[in-house]
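Quick mapping for you: the protein sequence lines, in order, are chains U and C.
Count the first sequence with this note's numbering and you get residues 1 to 166, in order.
Count the second sequence with this note's numbering and you get residues 1 to 166, in order.
All residues carry an ideal CB built from backbone N, CA and C; glycine is no exception.
The structure presented is a predicted model; accordingly, all values stated were derived computationally and were not measured.
Protein chains: 2
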Amino acid sequence: MTLDGYIASRDGGVEWLDKYRNNTEDYGYTALYESIDTVLMGGNTYRAILGFGCEWPYPDKTSYVISHREQQGTNDCISIISDNAISFIKQLKAGTGKDIWLVGGGQLTAQLLEERLIDEMQICVFPILLGTGIRLFSENSSAYEWIADKQQSFLSGAILLTYRKP
Amino acid sequence: MTLDGYIASRDGGVEWLDKYRNNTEDYGYTALYESIDTVLMGGNTYRAILGFGCEWPYPDKTSYVISHREQQGTNDCISIISDNAISFIKQLKAGTGKDIWLVGGGQLTAQLLEERLIDEMQICVFPILLGTGIRLFSENSSAYEWIADKQQSFLSGAILLTYRKP
Numbered sequence: 001m002t003l004d005g006y007i008a009s010r011d012g013g014v015e016w017l018d019k020y021r022n023n024t025e026d027y028g029y030t031a032l033y034e035s036i037d038t039v040l041m042g043g044n045t046y047r048a049i050l051g052f053g054c055e056w057p058y059p060d061k062t063s064y065v066i067s068h069r070e071q072q073g074t075n076d077c078i079s080i081i082s083d084n085a086i087s088f089i090k091q092l093k094a095g096t097g098k099d100i101w102l103v104g105g106g107q108l109t110a111q112l113l114e115e116r117l118i119d120e121m122q123i124c125v126f127p128i129l130l131g132t133g134i135r136l137f138s139e140n141s142s143a144y145e146w147i148a149d150k151q152q153s154f155l156s157g158a159i160l161l162t163y164r165k166p
Numbered sequence: 001m002t003l004d005g006y007i008a009s010r011d012g013g014v015e016w017l018d019k020y021r022n023n024t025e026d027y028g029y030t031a032l033y034e035s036i037d038t039v040l041m042g043g044n045t046y047r048a049i050l051g052f053g054c055e056w057p058y059p060d061k062t063s064y065v066i067s068h069r070e071q072q073g074t075n076d077c078i079s080i081i082s083d084n085a086i087s088f089i090k091q092l093k094a095g096t097g098k099d100i101w102l103v104g105g106g107q108l109t110a111q112l113l114e115e116r117l118i119d120e121m122q123i124c125v126f127p128i129l130l131g132t133g134i135r136l137f138s139e140n141s142s143a144y145e146w147i148a149d150k151q152q153s154f155l156s157g158a159i160l161l162t163y164r165k166p
């Protein structure tokens, strides 16, 4: 997120991140990606990724999209979940696999925070003010404390802050 | 600020900070306080401090309050500035004294960010989600990049992030 808490501009664009992309720093992405076997996201995030027009970026992971707008079903490696999302995610977490990555977005994050279903947050804070846009933490999300874990600084000025659920 | 970017609850309360107060950590406050000879704040912050009912907390500093609601004038060590605030602050910055601390609040911060008059930001991020309240960076504040400077972690899980103006 930006210093002022945004993950995207109002229209969902992430052009602000372009200047931080380079070949030497991945801001912890590879380590995160290797630690998971499942990705989870809401419908807006799903449609944003489809809108990029590229190949599905998580072909080697099991992908779940929580959405009422898409038709329930499974297509290639992507499953659409439209009913009983919370109990589905509880079951998923009870499985014996690797970790699950919540790719986004704000609404699903707020819901999972409310249900205390997020175990760890890795927040990479970039040294930029965006002024407006879509926030990582939406207004009226759940209020509670976290335990700060490790921190990692990058040459670009970004810092990766990791927090665990108490 | 909290992880979700708040500095106070909706009514201006800072009770969320209570659990982080202790006798061994001051989160950089003493170092900051010694580096300045002047404090600057908006009217809401001024009235909030008066509302605490304690002695003026900056008796050994020159205090300026930017406000249209208070009567212009000087009372003890506090001067109320109601006109031409930006040019007043530019003059203040051009002086030869120590640094100036912008105590708050959101409106004055947004205005000074817009005018590129803030040289350094020291943001102490506490490991807590507040869910709602008054934000450090108000909606539609200025969009620009900063240079990340030093970082300092505290046992409580707070981290002090310092940024300089490019």
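Do you know how far the Cα of residue j is from the Cα of residue i?
| i | j | result |
| --- | --- | --- |
| TYR144/U | ASN22/C | 20 Å |
| THR96/U | LYS165/U | 20 Å |
| GLN107/C | THR62/U | 46 Å |
| LEU113/U | LEU112/C | 34 Å |
| GLY43/C | ILE78/C | 12 Å |
| ASN84/U | GLN152/U | 37 Å |
| ALA110/U | GLU120/C | 32 Å |
| TYR20/C | SER156/C | 7 Å |
| LEU17/U | ASP18/C | 35 Å |
| ASP26/C | GLY53/U | 50 Å |
| HIS68/C | SER138/C | 20 Å |
| LEU160/C | ASP4/C | 15 Å |
| ILE36/C | TYR33/U | 45 Å |
| ASP149/C | LYS98/C | 20 Å |
Based on Cα-Cα distance, which residue from the options lies nearest to residue i?
| i | options | result |
| --- | --- | --- |
| TYR173/U | GLY105/U, ILE147/U and ILE36/U | There is no way to answer for residue 173/U, as the model of chain U reaches only from 1 to 166. |
| ALA48/U | ILE100/U, ALA94/U and GLY104/U | GLY104/U |
| THR30/C | TRP101/C, ILE118/C, LEU155/C and SER138/C | TRP101/C |
| LYS90/U | ARG116/U, ALA110/U, GLN71/U and SER142/U | ARG116/U |
| GLY28/U | PHE137/U, GLN122/U and THR109/U | GLN122/U |
| ILE80/U | ILE66/U, SER142/U and LEU92/U | ILE66/U |
| ASP76/U | THR24/U, TYR64/U and LYS98/U | TYR64/U |
For residue i, which beta-bridge partners are listed by DSSP?
| i | result |
| --- | --- |
| LEU130/U | In the DSSP output, where bridge partners are listed per residue, LEU130/U has none listed. |
| GLY42/U | ILE66/U |
| ALA148/U | TYR163/U |
| ARG21/C | Paired residues: none, contrary to the question. |
| GLN122/C | THR162/C |
Who are the neighbours of residue i on chain C, taking C-beta pairs under 9 Å?
| i | result |
| --- | --- |
| THR132/U | GLU139, ASN140, SER141 and ALA143 |
| SER153/U | ALA148 and GLN151 |
List the residues of chain U whose Cβ lies closer than 9 Å to the Cβ of residue i, in chain order.
| i | result |
| --- | --- |
| TYR163/C | LEU3, PRO127 and GLY157 |
Check the Cβ of residue i against every Cβ in chain U and list those closer than 7 Å, keeping chain order.
| i | result |
| --- | --- |
| ILE36/C | Going along chain U, no residue has its Cβ under 7 Å from ILE36/C, so there is no contact; the nearest lies around 22 Å. |
Worksheet entry | At least 3 beta-carbon pairs within less than 8 Å: the region 54–68 of chain U vs the region 127–136 of chain U | no
Discussion item. Measuring CB atoms only, is the region 5–16 of chain C touching the region 132–140 of chain C, in the sense that at least three cross pairs come out at less than 8 Å?
Written reply: yes
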